[in-house]
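Visitor: Quick note: the sequence shown uses the numbering used here, first residue 21, plus one each step. No residue lacks a Cβ here, since even glycine has one placed at the ideal position from N, Cα and C.
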Amino acid sequence: MTLPYAFEKQVALVAVRRACALTSSVFNRLVKNETLTKGDKSPVTVGDYSAQAVVNTILGRAFPADPIVGEEDAAEMRQESNSELKSRIIALANEALTAPLGPGETSNWGLGPGQERTPEELMDAIDRGGDQGGRTGRRWTLDPIDGTKGFLRGGQYAVCLALIVDGQVVLGLIGCPNLPVKSDEPDGRKGCIFVVVKGQGAEQVTLSGDRSVPLTIPPVVPGTLNFLESVEAAHADLAFNNRISELLNITRAPARMDSQAKYGCLARGDGGVYLRMPTGTGYREKIWDHASGSLLVEECGGVITDSRGKSLDFGLGRSLGENYGFIAAGKDVHSQVLAAVQQALAETTLLFVGFILAVLYVARAISSRFQSTKASLEQRGITLSRDGVSLKTERRFDRDAYLDATQRGLVKALGAATVGSESHKHAFLPPADERQKHVFGVSLRRSHGNNERGEGHQ
């Protein structure tokens with residue numbers, strides 16, 4: 021009797037294995053052997069598109085009616101400005117498709133010598149990943165290179181493929197070309213694929229297919245619990261994870277790696293908890309980011325929910341829009357982690373509300389002080405407005421008084437400067453009867469209350 025999804029599993033395993041070989045080739049050719057400028061992601065672009073072209077070509081031949089939810093489309097590669105990248109993508113994809121047939125492979129899936137595709141056929145294959153997802157029907161979801169920065173640094177990345185039927189993940193594969201086959205032999209053989217079928221359990225197989233190991237999440241030994249975390253701080257709130265560690269008394273250092281390889285490590289017992297809390301409220305995880313990993317955890321005896329304890333919903337389209345944060349762990353610890361997460365979220369909310377109230381209090385105090393100052397200034401004839409400061413006064417300008425005051429001030433200053441020397445005093449001062457008329461060569465005259473400026477002395 022054939023098990024459900026046996027054929028889909030066989031085809032998917034071949035597709036992921038060939039995509040893993042292709043992406044490894046891209047790394048060796050375009051990353052290790054070429055000088056990259058800082059921020060150059062062209063190897064990731066080549067790897068993403070070529071791997072998607074290969075997987076979609078195989079799926080298209082085996083399941084022509086099945087839509088695919090993929091990360092990429094070919095619109096950018098059809099532009100003339102990207103002709104060089106496109107040529108590399110075509111060459112690498114055809115190289116992967118035309119490689120000799122391996123165990124379990126058939127030319128009916130578009131594989132083997134002589135199966136080369138035209139550039140347009142491969143661009144069309146990439147575009148098959150444009151399905152928008154949904155609640156009903158069956159569809160595949162693909163992330164050709166999950167963990168792009170891990171890929172570029174030669175660390176962990178994954179080729180992730182899953183089959184979703186009526187909103188439920190029924191088949192998942194996570195290909196990890198750089199992950200050690202045995203966790204206790206980090207420098208040993210590398211390259212494995214995690215394969216899971218709903219209701220049939222999970223296994224880890226080598227890339228070559230010569231070894232398979234069934235997977236079950238082991239019970240947590242007290243004092244050994246640790247987190248599996250992303251390397252990149254932008255991908256998860258690591259400070260939040262630290263708070264959870266405090267609440268759960270976790271002292272072991274987290275194991276950090278990129279991609280859904282973390283799900284595989286959780287499934288085989290390399291870590292106790294995979295916690296992924298977003299760094300912002302606007303980002304929504306895509307279904308290809310968690311489809312394979314979520315089923316893997318469940319079939320290995322674990323539990324995965326969002327931070328509110330809700331199951332993941334893969335029937336809403338291309339994103340997991342109703343889920344916020346992800347908690348994956350063994351059954352014996354998941355409830356404890358969930359409780360700690362909800363406590364930490366409540367603390368964060370309380371701190372945020374307190375901060376907002378403090379800001380409002382300070383703003384109100386400043387506003388009150390401003391209004392008080394404004395009222396005080398207005399009583400003194402000073403008005404504040406958006407146009408600036410204006411002065412109001414009931415007193416009119418008296419030029420006679422101004423000139424008299426100015427003259428008296430100058431005479432007083434001049435007299436003080438010549439105190440102690442009568443001769444100097446007479447030398448500098450005009451006769452007494454002239455002092456009221458001349459000050460430093462300026463003649464001041466009055467006429468019916470109007471003051472005029474006289475001619476200066478030459």
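Nearest-angstrom Cα distance between Lys202 and Gly291?
Guide: 14 Å
Visitor: Give me the Cβ distance between Trp308 and Thr156, rounded to the nearest whole Å; I'm assuming they're in contact under 8 Å.
Guide: Their Cβ separation, rounded to whole angstroms, is 19 Å, which puts Trp308 and Thr156 out of contact at 8 Å.
Visitor: Quick check on Asn48: does DSSP put it in helix, strand or coil?
Guide: helix
Visitor: Does the Cβ of Tyr381 have 16 or more other Cβ atoms within 10 Å, making it buried, or fewer, making it exposed?
Guide: exposed
Visitor: Using only the alpha-carbon positions, how far apart do Leu121 and Ala145 sit?
Guide: Put simply, the backbone Cα of Leu121 is about 21 Å away from that of Ala145.
Visitor: Can you tell me where the alpha helix (DSSP H) with Lys210 in it begins and where it stops?
Guide: No alpha helix (DSSP H) holds Lys210; the beta strand (DSSP E) holding it covers Lys210 to Val217.
Visitor: Keeping to the same chain, check which residues put their C-beta closer than 6 Å to that of Val251; ignore five residues upstream and five downstream.
Guide: Arg276 and Asp278
Visitor: From the DSSP output, in three-state form, read off Phe334 for me.
Guide: Residue state, collapsed to three classes: coil.
Visitor: Please say whether Val34 and Glu141 have beta carbons closer to each other than 9 Å?
Guide: In this structure, Val34 does not lie closer than 9 Å to Glu141 by Cβ.
Visitor: Are Val216 and Glu319 closer than 9 Å when you measure CB to CB?
Guide: Yes, Cβ-Cβ distance for Val216 and Glu319 is below 9 Å.
Visitor: Using the rule of at least 16 other Cβ atoms within 10 Å of the residue's Cβ for burial, across every protein chain shown, is Leu370 buried or exposed?
Guide: exposed
Visitor: Grab me the residues of Lys210's own chain with a C-beta within less than 6 Å of its C-beta, minus the 5 sequence neighbours each way, in chain order.
Guide: These residues qualify, in order along the chain: Asn198 and Pro200.
Visitor: For Gly67, report the span of its alpha helix (DSSP H) as first-last.
Guide: First-last of the alpha helix (DSSP H) with Gly67: Ser62 to Ala82.
Visitor: Thinking just about the alpha-carbon of each residue, which of Val179, Lys330 and Gln135 is nearest to the one in Glu342?
Guide: Taking the Cα of Glu342 as reference, the smallest distance to any Cα among Val179, Lys330 and Gln135 is reached at Lys330.
Visitor: Secondary structure at Pro139, three-state DSSP: helix, strand or coil?
Guide: Helix at Pro139.
Visitor: In three-state DSSP terms, what is Ser396?
Guide: helix
Visitor: Buried or exposed: Leu183, going by 16 or more other Cβ atoms within 10 Å of its Cβ?
Guide: buried
Visitor: Enumerate in chain order the residues of its own chain whose CB-to-CB distance from Asn76 is below 8 Å, with the five nearest sequence positions on each side excluded.
Guide: Ile88, Gly90, Ala145, Ile146, Arg148, Gly149 and Leu162
Visitor: Counting C-beta neighbours from all protein chains within 10 Å, is the total for Ser101 16 or more, i.e. buried, or is it exposed?
Guide: So Ser101 ends up on the exposed side.
Visitor: So what does DSSP say about Gln220, is it helix, strand or coil?
Guide: coil
Visitor: Tell me the DSSP secondary structure of Leu316 in three-state form.
Guide: helix
Visitor: Measuring CA to CA, which of Gly350, Cys196 and Gly300 is closest to Gln224?
Guide: Cys196
Visitor: Along the chain, where does the alpha helix (DSSP H) that runs through Glu266 open and close?
Guide: Note, Glu266: alpha helix (DSSP H), Leu258 to Leu268.
Visitor: Once you ignore the five residues that flank Leu258 on each side, which residues in its own chain have a CB closer than 7 Å to its CB?
Guide: Glu249
Visitor: Taking the alpha carbon of Asp326 as the reference point, which residue from Ser314, Gly335 and Gly337 has its own alpha carbon closest?
Guide: Ser314
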